[in-house]
Structures are given as structure tokens and as C-alpha cells.
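Down below is the structure, laid out as C-alpha cells.
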Amino acid sequence: ARVVDPGGDDEERRIESALRPRRLIDFPGQPRVRDQLGLVLEAAKRRGTPPDHVLLSGPPGLGKTTLAMIVATELEQPIRITSGPAIQHAGDLAAVLSSLAEGEVLFLDEIHRMARPAEEMLYLAMEDFRVDVIVGKGPGATAIPLELPPFTVVGATTRAGLLPAPLRDRFGFTGHLDYYTADDLTTILTRNATLLGVEATPQGISEIAGRSRGTPRIANRLLRRVRDFAQVHGKGVVDHPAAMSALSLFDVDDRGLDRLDRGVLEALCRRFGGGPVGLSTLAVAVGEEADTVETVAEPYLVREGYMLRTPRGRVAAPLAWTHLGLTPPAGGGT
Ligand code: ADP
Numbered sequence: 023a024r025v026v027d028p029g030g031d032d033e034e035r036r037i038e039s040a041l042r043p044r045r046l047i048d049f050p051g052q053p054r055v056r057d058q059l060g061l062v063l064e065a066a067k068r069r070g071t072p073p074d075h076v077l078l079s080g081p082p083g084l085g086k087t088t089l090a091m092i093v094a095t096e097l098e099q100p101i102r103i104t105s106g107p108a109i110q111h112a113g114d115l116a117a118v119l120s121s122l123a124e125g126e127v128l129f130l131d132e133i134h135r136m137a138r139p140a141e142e143m144l145y146l147a148m149e150d151f152r153v154d155v156i157v158g159k160g161p162g163a164t165a166i167p168l169e170l171p172p173f174t175v176v177g178a179t180t181r182a183g184l185l186p187a188p189l190r191d192r193f194g195f196t197g198h199l200d201y202y203t204a205d206d207l208t209t210i211l212t213r214n215a216t217l218l219g220v221e222a223t224p225q226g227i228s229e230i231a232g233r234s235r236g237t238p239r240i241a242n243r244l245l246r247r248v249r250d251f252a253q254v255h256g257k258g259v260v261d262h263p264a265a266m267s268a269l270s271l272f273d274v275d276d277r278g279l280d281r282l283d284r285g286v287l288e289a290l291c292r293r294f295g296g297g298p299v300g301l302s303t304l305a306v307a308v309g310e311e312a313d314t315v316e317t318v319a320e321p322y323l324v325r326e327g328y329m330l331r332t333p334r335g336r337v338a339a340p341l342a343w344t345h346l347g348l349t350p351p352a353g354g355g356t
């Protein structure tokens with residue numbers, strides 16, 4: 023597992039849950055989404071009706087689950103949590119929907135991975151608060167309409183573009199989460215150091231914030247590694263020397279790139295003269311699956327301007343050369 027992987031496994035999610043902000047007012051960053059969502063929720067509360075369904079989109083680790091839980095807390099309603107991959111049949115969804123209480127929040131993580139028949143059932147349920155329960159099999163099967171109490175769906179997706187338009191249209195409010203600024207990450211890390219009961223200096227926090235790829239999940243994870251380092255090798259304080267040593271131990275460089283990211287850039291520049299080179303050739307050169315290079319390393323490298331994806335293949339940007347301390351070939355390199 024990479025220390026800079028923005029995804030989290032179950033164990034990590036359990037550790038994280040202690041660090042989640044519970045109220046909108048305690049949620050740093052994403053000012054637009056926070057203000058817009060705050061308004062939607064406040065208005066619904068004043069009217070005494072459930073708010074519009076909420077869709078949260080954006081890369082992993084930016085706070086979609088956290089915001090879904092905040093929606094429920096702010097509405098003072100219970101939350102039911104499930105995910106697209108867990109709903110493989112319409113019946114799975116029917117079971118969840120038919121057991122919802124009035125006003126309850128249904129969080130559907132990775133909603134773009136739900137099975138198609140379930141998706142269709144969800145449109146109807148979101149729009150008309152009704153599901154058709156199929157009783158029996160074959161030609162004798164009948165659909166019995168079942169009224170549902172009003173509820174709120176909070177959907178989360180890393181790929182809003184993959185949602186079929188009819189489903190996207192059922193969400194009255196869509197919030198797109200973006201990468202966090204270093205200042206926001208500093209706020210988050212400072213608060214979390216306190217929650218973890220560890221002393222931290224502003225220099226230590228700032229070093230971690232600068233290497234966290236704009237992602238709170240990565241920031242939290244690096245904080246825990248620096249804390250470990252400080253407790254084993256230092257005075258137990260998350261300070262600048264501890265951050266420098268721990269991050270170097272875990273191969274996270276000063277721009278938040280790890281061994282895989284740098285391996286991709288090294289191969290691209292040194293072996294292929296800056297490209298263009300095909301994804302699979304590049305992957306073989308770094309000894310990884312093409313899929314790993316494409317989904318794990320590339321998005322951040324492209325976003326930060328280290329490399330470009332062109333129709334002819336991957337190409338190193340000038341920043342890749344300078345980051346590796348190399349001189350781009352005459353004539354550009356892009
Ligand atoms: P997602 O669902 O988008 O993958 P999560 O909501 O699970 O992301 O967030 C991942 C981790 O980052 C959690 O530990 C959460 O507490 C933390 N986190 C995310 N956004 C924020 C934020 N704005 N403030 C503080 N912590 C945050």
C-alpha cells in the first residue's frame with residue numbers, strides 16, 4: 023500500500039472516523055460547497071421537509087463521506103450507509119428503501135457502480151417516493167407499488183461523468199469537491215494532531231501539508247506516520263525534523279511524489295527521451311501493471327503538470343525534467 027494512496031481501506035476508515043468533523047461549521051475547506059450545502063439544509067430544516075437529494079462528486083479522500091454524515095447530523099436524522107458495489111440487484115435496493123424511516127438520510131457511496139436495474143428503481147424512488155416490488159416470477163409476476171416516506175439520498179461519486187443523465191437529474195443539489203489548499207490542510211492537521219493527543223509544531227504541520235497532494239486522507243495518514251516516527255526516534259513531537267525524516271523514510275518527496283510517481287517520470291524522461299510513449303510500454307519500464315500506472319500515478323502527475331496525455335502517448339512536461347534535476351532536450355521536450 024502506498025502512503026500517498028488517496029483511497030482508504032476499511033481499517034483506515036475506522037481510524038479516520040474519529041477524526042471526521044461532525045458539523046458543517048467545523049468542516050475546513052471547500053467554502054463554496056459548504057456554503058451552498060449549508061443553505062440547502064437550513065432552508066429544509068425551516069420548512070420542516072427533507073432537502074433535495076445531494077450529489078457529491080470529486081476524487082477520493084476529499085471528504086464526501088464526511089459531508090454525507092454531516093448532512094445527517096445537521097438534519098438531526100439517522101443515516102443509512104451503503105454503496106453502489108453492494109447493490110447488485112434491484113432487490114438489494116428495494117430492501118434498503120422499504121426500510122427507511124421518514125426523513126432518514128441514505129448515503130450511497132460510489133453510486134456510479136450500482137447495477138442498472140437498481141439505478142432505474144432509484145430514479146423512481148427519488149422522484150416519487152415509491153418502489154415497485156416484484157412479487158412472483160415469470161409471466162405471473164406482478165409489480166406492487168409501495169409508498170415510501172420522504173427521505174434524502176446523498177450520493178457520492180469519483181466520476182460524476184459516468185452517472186446516467188436521468189440519475190444525475192434527480193439530484194437537486196450537486197457539490198463538486200476540489201483538492202484542498204495547503205492552508206486548509208494545515209487547519210485540518212492542526213486539529214487532528216490535537217485529537218490524536220500529539221504535540222505538533224507549525225513547521226512540522228506545514229511540511230506534512232505541503233506533501234499531501236491536496237487530500238485530507240493523505241494528510242491524516244502522513245501525520246500518523248510522522249507521529250510514529252517522532253514517538254520512536256524523537257521526542258514525540260511532530261516537528262520539522264521528524265516530518266523530514268519520516269517522509270523521507272516513506273519515500274514521499276518534497277512535492278508529495280512517491281517512488282512510483284518518480285519511477286514513471288524517470289522512465290518517461292530518461293528511457294523515452296520525454297515521450298511520447300504508450301501507456302503499456304511505460305508501465306513495463308517501471309515494472310507495474312498499466313492499470314496501476316494509469317489510475318494510481320497518472321492522475322496526480324497530469325493534474326500537477328508533470329506529464330501530458332496526448333493521442334500519441336504520454337509526454338513529459340518541463341516540470342518533470344526540472345523536478346528530476348534533468349535538462350529537457352533542446353526543442354522543448356513537450
Ligand atoms: P471520501 O469519502 O471523499 O473518500 P472521506 O470523507 O472518507 O473522503 O475523508 C477521508 C478522511 O479525510 C477522513 O478521515 C476525514 O475525516 C478527512 N477529511 C476529509 N475532508 C475533511 C475536512 N474538510 N476536514 C477535516 N477532515 C477531513
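23 is the number of the first residue of the sequence shown in full-length UniProt numbering; add one for each residue after it. Note that beta-carbon positions come from the ideal geometry of N, C-alpha and C, so glycine has one too.
- Every unbroken stretch of the beta strand (DSSP E) spanning 3 or more residues and falling wholly within the segment 50-137 is given here in chain order: 76-79, 101-105 and 127-131.
- With respect to the 7 Å criterion, I230 and L211 are classified as neighbours on the basis of their beta carbons.
- Between the ligand ADP and the CB of G83, the shortest heavy atom gap is smaller than 6 Å.
- By the C-beta criterion, the segment 107-121 is judged not to be in contact with the segment 61-72, since fewer than 3 inter-stretch pairs fall below 8 Å.
- If you look at P167, you'll find it isn't in any alpha helix (DSSP H); it sits in the beta strand (DSSP E) that goes T164 to E169.
- In this structure, M143 lies near A112, with their beta-carbon atoms less than 7 Å apart.
- Excluding residues up to 5 positions away in sequence, L41, N242 and L245 lie with their Cβ nearer than 7 Å to the Cβ of N214 in the same chain.
- Separation of D261 and D276 (C-alpha to C-alpha, rounded to the nearest whole angstrom) is 16 Å.
- For the alpha helix (DSSP H) assignment, the uninterrupted runs of no fewer than 4 residues enclosed by the segment 276-312 are, from N- to C-terminal side, 281-288 and 301-308.
- The distance from the Cβ of L330 to that of L287 is about 12 Å, inconsistent with a contact at the 8 Å cut-off.
- A straight line joining the alpha-carbon of V318 with that of C291 spans about 19 Å.
- Between the segment 50-58 and the segment 302-311, the count of Cβ pairs shorter than 8 Å is below three; the stretches do not touch.
- Note that the segment 95-108 touches the segment 126-134; at least 3 beta-carbon pairs, one per stretch, sit closer than 8 Å.
- For L207 and G236, the gap between their C-alpha atoms comes out near 7 Å.
- Taking the Cβ of P50 as the reference point, at least one heavy atom of the ligand ADP falls within a distance shorter than 6 Å.
- Taking 7 Å as the cut-off, the Cβ atoms of P298 and V259 do not count as close.
- The continuous alpha helix (DSSP H) containing R190 extends over residues A187 to D191.
- Look at G177 here: in three-state DSSP terms it is strand.
- Taking E141 as reference, the option from L189, P107, V176 and E64 with the minimal CA-CA separation is L189.
- With fewer than 16 neighbouring CB atoms inside 10 Å of its own CB, A123 falls in the exposed class.
- For the ligand ADP, no non-hydrogen atom lies closer than 6 Å to the CB of K257.
- Here R325 is exposed, its C-beta having fewer than 16 other C-beta atoms within 10 Å.
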